[in-house]
Amino acid sequence: MPISILMYHDVLAPEVFSASTQNIYTITTTTFQDHLAEIARSKLPVLNILELLDGINNQSLPASGVVLSFDDGCYGNYQHAYPLLRERGWPGVFFVSTGIVGTDRGISWAGLKEMSQNGMSIQSHGHSHRRLEGLSAEEVDRELINSKQLLEDNLGTTVDALSLPGGGIPFNLESYARKTGYRLVATSIPAVVDNATSVFDVPRLAVKNRQTLKEFSEMIHGNESWVKYENTKYRLKNTLKSFLPQWLIESRHRK
Ligand SMILES: [Zn+2]
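So in the numbering used here, spot 55 of the sequence shown is number 55, and the numbers just go up one at a time.
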């Protein structure tokens, strides 16, 4: 059995959540608690991002497990997801777009520091949240370097991992990542992870608010047909997306 890396986004209290106005990736605390209970029931180990990285590099990943990742750095991650993870003593990896830190939507530097001192890993999701494949080489460098530097300076930690804003994959991604000092890149391509996975092309499974708990269970167990179906859907959607203008994709993702 493989490792499933779950890709969460914002987590909101049920009373402020509305399925019609949130984007498909935002879930409620109730759903999140159901997920954590399901993981506990499954007895799958919850790995941190460095265990995953070392496991791939040393070809020593456990036979099964989950990684809980969160994109963007939204305030709900600090307010809701982090305390619930801490209660269970489980690690989470939070990929933060540094441009959002300290804004109305984002976690403050103090909040990120508190999280990193309490078992959470804070990593990069670029600075401005622009999709990297639409940018010049200099702009990609800046997104990767600035966000890493800001996180390291403010948190006193080492940033090793990057998750791609909007899932956009720039040409020559691995050389950008190596050059700017990243050791792992997480994509939004739905697939599971094993010892054969490339550290610069680590797939994840997106958590969406319309998924059932049964689907969630298939996701954490890396159910082959479920993952295959999601992968096909993603690739089709991405082909269609390549015909849409960037601003439309960004506005759909960030809503
Ligand atoms: Zn994002």
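Every residue, glycine too, gets a C-beta built ideally from N, C-alpha and C.
Rounded separation between residue i and residue j - CA only
i	j	result
residue 76	residue 32	12 Å
residue 130	residue 213	32 Å
residue 128	residue 108	16 Å
residue 137	residue 145	12 Å
residue 255	residue 58	Annotation note: pLDDT 43 at residue 255 (below 50); position unreliable, coordinate value reported separately. Looking at the two C-alpha atoms, the distance is approximately 40 Å.
residue 73	residue 7	12 Å
residue 210	residue 30	13 Å
residue 198	residue 53	10 Å
residue 40	residue 122	23 Å
residue 202	residue 15	35 Å
residue 9	residue 25	6 Å
residue 243	residue 237	10 Å
residue 36	residue 204	17 Å
residue 183	residue 45	23 Å
residue 176	residue 140	8 Å
residue 56	residue 103	36 Å
residue 194	residue 63	8 Å
residue 240	residue 247	15 Å
residue 111	residue 95	14 Å
residue 19	residue 49	30 Å
residue 185	residue 148	13 Å
residue 153	residue 113	11 Å
residue 60	residue 231	25 Å
residue 21	residue 158	36 Å
residue 101	residue 224	37 Å
Beta bridge counterpart(s) of residue i as assigned by DSSP
i	result
residue 69	7, 93
residue 205	6
residue 21	According to DSSP, residue 21 bridges with nothing at all.
residue 46	66
residue 12	28
residue 162	124, 185
Rounded distance between the beta-carbons of residue j and residue i, thought under 8 Å
i	j	result
residue 222	residue 192	4 Å
residue 3	residue 99	Not a contact, Cβ separation roughly 30 Å.
residue 170	residue 132	4 Å
residue 119	residue 91	5 Å
residue 124	residue 155	Not confirmed; about 11 Å, so no contact.
residue 164	residue 187	6 Å
residue 174	residue 200	4 Å
Which parts of the region 80-155 are runs of the beta strand (DSSP E), unbroken and 3 residues or longer, counting only runs that do not cross its ends? As for any beta strand (DSSP E) of minimum length 3 sitting wholly inside the region 80-155, the runs are 93-96, 121-124, ordered along the chain.
Segments assigned alpha helix (DSSP H), at least 4 residues, entirely inside the region 168-251: Correct list: 173-179, 213-220, 224-241.
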